[in-house]
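Chains as they are written, first to last, in full-length UniProt numbering: chain A, 1 to 531; chain B, 1 to 531.
Each residue gets a CB set at the ideal place from its N, CA and C atoms; glycine is no exception.
From a predicted model like this one, the values you see are computed outputs, not experimental measurements.
What follows is the structure, encoded as structure tokens:
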């Protein structure tokens with residue numbers, strides 16, 4: 001178990017969320033935080049409370065709902081405004097009141113940004129740093145300080161950049177993080193500058209590297225070589241522009257190539273699972289060619305040295321993929337599948353590794369479903385229902401006889417012209433045949449309403465369930481509308497969220513499968529006895 | 001113009017083609033070679049003549065068809081077999097006879113690979129290297145030698161690895177290339193080893209880095225820092241497993257961050273165009289987040305410091321994107337919008353730049369539609385229809401009165417149990433009211449068929465149109481099924497393809513909008529007069 005002497009600091013939820021195309025709900029952020037904690041990072045930067053209501057809500061719900069084993073939450077914010085006392089700056093007070101034990105402050109360290117963007121003086125900027133750090137330390141918070149544009153600023157005016165580092169350290173910042181905000185640095189320069197700054201200030205240093213030169217991972221390692229003991233990264237390298245240093249590549253290099261214990265025991269092998277689950281949540285297809293965790297990362301051309309590889313795998317791969325929860329290609333889905341299945345089983349209080357026959361059967365079924373387009377990385381509720389079924393305890397609150405959706409655009413000019421949808425479902429609930437109809441702005445919305453109204457009389461808690469997220473992915477765009485559609489739906493009952501997956505040639509059928517499971521799992525959470 | 005003292009050596013056509021999913025025709029390889037030459041690389045490794053008939057044909061056709069301005073072709077091959085004279089080894093003779101002025105030989109430099117994979121002795125391997133190099137030099141070829149698995153071999157048995165370098169250099173190899181074949185190295189170790197090898201052997205050294213640690217670019221630069229004067233890279237980092245050192249990132253760092261002239265005058269700014277063109281040829285979507293050349297590489301969040309960025313762009317980007325043929329995204333969005341609109345207008349024989357009022361109006365409309373969720377980047381057919389409308393010449397072959405889709409899963413157990421969809425459309429075609437119905441495996445499929453059957457009698461060419469691609473994108477996953485849906489559909493008429501876009505709260509309505517436009521554009525292509 002790593003002590004405080006080295007920090008793996010994740011900023012996926014703050015800086016990573018800056019990536020174009022990523023738009024996280026609070027539920028997404030909670031789910032990602034849970035995964036990052038399972039991976040064993042020491043700090044999770046959750047966002048900017050006060051500046052962003054979604055982030056304020058995240059910190060409130062995280063305190064109530066997240067049971068973090070390894071990670072502490074950090075709130076991100078800025079030093080006080082120029083000419084205002086820290087204790088009177090609402091933005092600073094929001095950081096204090098976020099409930100996060102750690103606050104990471106961003107400050108200008110390039111005099112040109114101070115004067116042209118902040119439009120204040122170098123002295124006032126130093127005071128802003130010192131006052132804000134001191135105020136938050138006085139409020140019992142641990143404080144890290146990000147020096148924005150540090151390396152560019154140091155090149156332009158090293159003396160001023162150093163004065164910002166000193167001001168932060170003297171005011172009580174535990175770590176001063178040197179940021180390559182524009183991402184243009186190369187490793188050799190990082191090593192030189194970090195060494196100079198450490199010798200000049202004696203401060204504890206961290207590194208935050210953007211990937212604009214394609215060297216963010218190497219730059220992060222170069223800073224560590226030069227004495228930095230705090231690395232800021234994002235899952236899968238998500239981030240603004242090109243992205244940030246990839247958490248998984250950095251941690252794997254530190255642990256497996258430099259022999260540093262930067263993660264708690266047993267967490268490293270969660271890498272591939274966590275990477276893929278986060279990709280599903282942000283709804284960006286996992287990169288097949290990502291180092292360590294990509295499906296192709298340990299793929300070997302069939303045939304080529306095949307026999308030699310089997311005899312001497314270590315001669316053909318830079319490390320044993322099992323160490324990062326991956327495996328040589330042919331075995332990938334096998335292993336990843338088994339790992340997450342045994343994990344899920346453990347949550348249900350069952351040790352699958354005991355029953356190899358059962359485990360094997362479940363893995364086989366999961367594999368064949370994944371071949372058909374299913375993905376359980378993010379749909380843990382579907383996986384749990386599947387597992388309970390394989391265990392001979394299927395969860396069933398209703399049976400579907402049939403469903404029908406009518407979607408139409410009414411005649412132009414009619415008073416009620418608009419695209420409306422109407423769904424009718426025929427179910428069997430507690431032995432009774434129920435027919436119900438629902439209207440909605442879309443076919444899935446209508447099906448959802450019909451399904452609830454069919455059962456609300458019997459299962460009153462259904463009223464408290466809400467469909468909070470709906471994701472569509474066409475799996476083979478090339479075959480037109482006949483392509484397979486994968487639907488992920490997320491429901492909430494106010495106490496938590498769960499996600500289910502449905503697959504079909506037909507967007508509505510796939511949605512129905514996911515809806516059926518989401519409602520079933522919701523009723524299970526409510527503790528309803530089955531009929 | 002760079003002299004021979006530094007080599008940019010591209011192996012996209014040989015090592016890059018090893019990437020899963022890439023399968024190049026000879027025509028593809030010729031087109032890529034032309035692009036690489038336009039980018040100004042010094043050497044293009046074209047493949048393994050003799051071992052692969054496609055590669056043999058490539059070298060024949062390249063000699064006849066390619067007029068290379070900057071690059072020389074290199075044939076890739078292996079040292080002679082054990083126990084055979086080089087001049088009697090058909091594989092070696094094929095290299096000599098390929099017509100390529102340069103031959104790059106791969107040799108084992110890790111004694112374990114010599115003994116376990118090659119199944120010969122260390123001495124024989126050294127003789128294989130010396131004989132093959134000497135024979136090809138004697139045949140007037142320039143020879144580079146790739147030391148496969150060099151860094152792993154050097155760690156295991158430095159003396160033997162060094163003996164291979166010496167054997168190659170003494171036999172006349174111009175460059176001995178140290179290969180991190182398994183891709184597991186980190187920059188600091190690369191610098192150390194390359195320095196030691198250079199001092200121990202005095203040979204001219206090159207570097208070939210795989211990206212399994214996510215450090216291939218940094219490893220390549222580290223080798224150059226240590227005295228390597230020959231870098232082997234691939235376009236966009238294509239390659240086996242995770243990939244190879246990215247040609248564009250390596251060259252940009254050498255030219256723009258280290259001030260080395262490694263490309264001919266004027267070639268660097270071709271980077272973005274060449275990168276994207278090659279991605280199109282290999283049929284892998286260009287990475288939006290690739291350093292230097294990605295669409296997002298210089299994207300700045302709208303609003304954030306927007307004004308400051310306009311005043312001082314250099315404070316917010318690591319270099320001027322124009323240097324690599326890219327542009328600041330914030331400007332792209334606006335300008336690309338106007339640019340593509342004026343381009344499209346020109347195709348219609350109208351110079352929009354003449355009518356600023358009209359151009360402005362079109363741009364405004366496009367921007368407001370993009371705000372509503374539309375995206376015209378890929379949907380050029382929709383953009384053309386919109387433009388024709390703004391020009392007062394709307395394209396209209398039919399009017400939609402209404403449509404209705406019924407999607408259902410029939411009762412379980414019924415003979416015809418399955419999810420089927422049926423669509424009915426009411427249209428006005430050439431003044432006549434038409435009602436038609438279509439069945440499909442999904443609602444969109446059914447609508448497509450209903451729409452065609454309603455008009456096929458009048459527009460017989462409709463039978464030749466095919467829906468070839470269908471993409472769904474939920475734009476705000478957070479608002480569940482009420483989120484806005486964007487649909488892109490692509491149609492083909494055998495002679496070409498076109499894409500249209502539809503947006504709506506409802507996946508079916510959005511699909512209908514895109515279908516209406518796709519069919520309208522298809523009829524326009526057929527030259528049908530409008531009613």
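Does chain A have any CB closer than 8 Å to the CB of residue 354 of chain B?
Here residue 354 of chain B corresponds to residue number 354 of the second chain, with the count starting at 1. No, residue 354 of chain B does not count as interfacial toward chain A.
Cα separation between residue 295 of chain B and residue 291 of chain A?
Within the second chain, numbered from 1, the residue matching residue 295 of chain B stands at position 295. Within the first chain, numbered from 1, the residue matching residue 291 of chain A stands at position 291. About 22 Å.
Decide if residue 511 of chain A is buried, meaning its Cβ has at least 16 other Cβ atoms within 10 Å, or exposed.
The residue labelled residue 511 of chain A in the question sits at position 511 within the first chain. Counting Cβ neighbours within 10 Å, residue 511 of chain A comes out buried, since at least 16 surround it.
Could you check which residue in B:243, B:196, B:299 has the C-alpha nearest to that of residue 227 of chain B?
Looking up residue 227 of chain B in the second chain gives position 227. That would be B:196, whose Cα lies nearest to the Cα of residue 227 of chain B.
Would you mind reading off the limits of the beta strand (DSSP E) that contains residue 409 of chain A?
By 1-based counting over the first chain, the position of residue 409 of chain A is 409. Here the beta strand (DSSP E) through residue 409 of chain A covers 399 to 409.
Could you tell me whether the Cβ of residue 43 of chain A comes closer than 8 Å to any Cβ of chain B?
One-based indexing of the first chain puts residue 43 of chain A at position 43. For residue 43 of chain A, the answer is no, since every Cβ of chain B falls outside 8 Å of its Cβ.
Name the chain A residues whose beta carbon is nearer than 7 Å to that of residue 289 of chain B?
Counting from 1 along the second chain, the entry for residue 289 of chain B is found at position 289. Chain A residues near residue 289 of chain B: 242, 243.
Within the continuous alpha helix (DSSP H) that includes residue 60 of chain A, where are the two ends?
As a position in the first chain, residue 60 of chain A is number 60, starting the count at 1. Residues 53 to 65.
Starting from residue 215 of chain A, follow its DSSP beta bridges and name the residues at the other end.
Here the question's residue 215 of chain A lines up with position 215 in the first chain. For residue 215 of chain A, which the question treats as bridged, DSSP gives no partner whatsoever.
Since residue 184 of chain B contacts residue 213 of chain B with CB under 8 Å, what's their CB separation in whole angstroms?
Stepping through the second chain from its first residue, residue 184 of chain B is reached at position 184. Stepping through the second chain from its first residue, residue 213 of chain B is reached at position 213. Contact flag correct, Cβ pair sits at about 6 Å.
Alpha carbon to alpha carbon, how far is residue 465 of chain A from residue 356 of chain B?
Taking the first residue of the first chain as position 1, residue 465 of chain A is located at position 465. Taking the first residue of the second chain as position 1, residue 356 of chain B is located at position 356. Approximately 53 Å between the Cα atoms of the pair.
Between residue 225 of chain B and the rest of its own chain, which residues show a CB-CB distance below 7 Å, the 5 nearest in sequence each way excluded?
As a first step, residue 225 of chain B must be located in the second chain, where it is residue number 225. Excluding sequence neighbours, residue 225 of chain B sits near 191.
According to DSSP, simplified to helix, strand and coil, what is residue 108 of chain B?
In the second chain, residue 108 of chain B corresponds to position 108, counting from 1. DSSP places residue 108 of chain B in strand when its eight states are reduced to three.
Determine the DSSP secondary structure at residue 281 of chain A, reduced to helix, strand or coil.
Locating residue 281 of chain A in the first chain gives position 281, where the first residue counts as 1. Reduced to three states, the DSSP call for residue 281 of chain A is helix.
Can you tell me the Cα-Cα spacing of residue 352 of chain A and residue 142 of chain A, whole angstroms?
In the first chain, the residue the question calls residue 352 of chain A occupies position 352. In the first chain, the residue the question calls residue 142 of chain A occupies position 142. Their backbone Cα atoms lie some 42 Å apart in a straight line.
Once you ignore the five residues that flank residue 382 of chain B on each side, which residues in its own chain have a CB closer than 7 Å to its CB?
By one-based count along the second chain, residue 382 of chain B stands at place 382. Only 376, 500, 501, 517 meet the Cβ criterion.
Please return the same chain residues whose Cβ sits closer than 6 Å to the Cβ of residue 373 of chain B, not counting the five positions on each side in sequence.
As a working mapping, residue 373 of chain B is identified with position 373 in the second chain. Taken in chain order, the residues that qualify are 475, 484, 486, 503.
Tell me whether the region 127 to 136 of chain A and the region 73 to 90 of chain A touch, counting them as touching only if at least three CB pairs, one residue from each stretch, are closer than 8 Å.
yes
Residue 506 of chain B touches chain A at which residues, Cβ-Cβ below 8 Å?
Taking the first residue of the second chain as position 1, residue 506 of chain B is located at position 506. Those within 8 Å of residue 506 of chain B in chain A are 407, 419, 421, 441, 442, 443.
Please name the residue or residues paired with residue 435 of chain A in a DSSP beta bridge.
Against the first chain, residue 435 of chain A aligns to sequence position 435. Answer by DSSP bridge pairing, in chain order: A:426.
Please list, in chain order, all residues of the same chain as residue 303 of chain B whose beta carbon is under 6 Å from its beta carbon, the five residues on each side excluded.
Mapped onto the second chain, residue 303 of chain B falls at position 303. Bear in mind that the predicted position of residue 303 of chain B carries a pLDDT of just 39, short of 50, making it too unreliable to give a figure here.
Within the continuous beta strand (DSSP E) that includes residue 485 of chain B, where are the two ends?
Counted from its first residue, the second chain places residue 485 of chain B at position 485. Start and end: 485 to 492.
Going by Cα to Cα distance, which pick from B:515, B:241, B:110 is closest to residue 298 of chain A?
Within the first chain, residue 298 of chain A is the residue found at index 298, counting from 1. Nearest of B:515, B:241, B:110 to residue 298 of chain A, Cα basis: B:241.
CB of residue 3 of chain A to nearest heavy atom of the ligand FAD: below 7 Å?
In the structure on display, the ligand FAD does not appear, and there are no ligands present to speak of.
For residue 334 of chain B, which residues from the same chain have a beta carbon less than 7 Å from its beta carbon, with the 5 sequence-adjacent residues on both sides left out?
Within the second chain, residue 334 of chain B is the residue found at index 334, counting from 1. With a pLDDT of only 39 at residue 334 of chain B, under 50, the local geometry of the prediction cannot be trusted, and the value read off the model is given with reservation. Nothing meets the Cβ criterion.
Between residue 16 of chain A and residue 55 of chain A, what straight-line distance do the alpha-carbon atoms span, to the nearest angstrom?
Here residue 16 of chain A refers to the residue found at position 16 of the first chain. Here residue 55 of chain A refers to the residue found at position 55 of the first chain. If I take the Cα positions, the gap works out to 14 Å.
Kindly list the residues whose CB is nearer than 6 Å to the CB of residue 497 of chain B, restricted to its own chain and excluding five residues on each side of it in sequence; keep chain order.
Position 497 of the second chain, counting from 1, holds the residue named residue 497 of chain B. For residue 497 of chain B, where only same-chain residues beyond five positions count, the Cβ hits under 6 Å are 490.
Pick out whichever of A:248, A:254, A:279, A:237 has its Cα sitting closest to the Cα of residue 223 of chain A.
Taking the first chain and counting its residues from 1, the one referred to as residue 223 of chain A is at position 223. It is A:254.
Under 7 Å Cβ-Cβ, which residues of chain A neighbour residue 221 of chain B?
Here residue 221 of chain B is taken as the residue at index 221 of the second chain, counted from 1. Ordered by position in chain A, the residues that pass the 7 Å Cβ test against residue 221 of chain B are 186.
Give a yes or no on whether the minimum CB-CB distance between residue 298 of chain B and chain E is below 8 Å.
The structure shown contains no chain E; its protein chains are A and B.
Using a Cβ-Cβ cut-off of 7 Å (strictly less than) and excluding sequence neighbours within five positions of residue 274 of chain B, which residues of its own chain qualify?
Within the second chain, residue 274 of chain B is the residue found at index 274, counting from 1. These residues qualify, in order along the chain: 35, 38, 39.
Please name the residue in A:47, A:182, A:445, A:519 whose C-alpha comes closest to that of residue 319 of chain B.
Within the second chain, numbered from 1, the residue matching residue 319 of chain B stands at position 319. For residue 319 of chain B, the nearest C-alpha among the options comes from A:182.
Just to confirm the assignment, what range does the alpha helix (DSSP H) spanning residue 73 of chain A have?
The residue you call residue 73 of chain A lines up with position 73 of the first chain. Element bounds for residue 73 of chain A: not the alpha helix (DSSP H) but the beta strand (DSSP E), 72 to 78.
Shortest alpha-carbon distance to residue 493 of chain A belongs to which of A:462, A:408, A:58?
Taking the first residue of the first chain as position 1, residue 493 of chain A is located at position 493. When each option's Cα is compared against that of residue 493 of chain A, the closest is A:462.
Residue 294 of chain B touches chain A at which residues, Cβ-Cβ below 9 Å?
Counting from one through the second chain, the residue named residue 294 of chain B turns up at place 294. Within chain A, the residues near residue 294 of chain B are 241, 242.
Looking only at its own chain, which residues have a Cβ that is under 6 Å from the Cβ of residue 6 of chain A, when we skip the five neighbours before and after it?
The sequence position of residue 6 of chain A within the first chain is 6, counting from 1. Counting only Cβ-Cβ distances below 6 Å, and skipping sequence neighbours, we find 229, 262.
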